[in-house]
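Participant:
Residue numbers (this note's numbering): 730 to 840.
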């Protein structure tokens, strides 16, 4: 899921810290985070150089077709806030979320 999330980054370039911020919505385990970055690079999804992650696929998350909204009691996977409306990203690897309205924009690279 982490590799697929990196393949959907809207910005062509991010700092490694910004990429890790997105990966941490999948896992906070440092070794797993490194494995996701390594695997994404191995698959040609990203290139890393001098603390910069460059996307190679040009993919992005379409809010109209790849983000679903659900009502309920959720905790945002990025910031931990309690939310009643959760935004979920539909990926081939599965649904990823819930995110609040600000965090879904950060995770998808819209902010």
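Beta carbons are placed, not taken as given, at the ideal position from N, Cα and C, and that holds for glycine.
For the putative contact between residue 829 and residue 812, defined by C-beta atoms under 8 angstroms, what is the C-beta separation to the nearest angstrom?
Facilitator: Correct: roughly 5 angstroms between the Cβ atoms.
Participant: Count the C-beta pairs between the region 783-797 and the region 738-753 that are closer than 8 angstroms, then say yes if the count reaches three, no if not.
Facilitator: Yes, they touch.
Participant: Give the DSSP-derived three-state secondary structure of residue 785 in the structure shown.
Facilitator: It is coil, neither helix nor strand.
Participant: Could you work out which residue in 837, 753 and 770 is closest to residue 820 when comparing CA atoms only?
Facilitator: Closest by alpha carbon: 837.
Participant: Since residue 753 is in the beta strand (DSSP E), which residue starts that stretch and which ends it?
Facilitator: First-last for residue 753: undefined, no H or E at that position.
Participant: By how many angstroms is the C-alpha of residue 762 removed from the C-alpha of residue 756?
Facilitator: Those two C-alpha atoms are separated by around 7 angstroms.
Participant: For residue 758, count the other beta carbons within 10 Å of its own beta carbon; 16 or more makes it buried, fewer makes it exposed. Which is it?
Facilitator: Counting Cβ neighbours within 10 Å, residue 758 comes out exposed, since fewer than 16 surround it.
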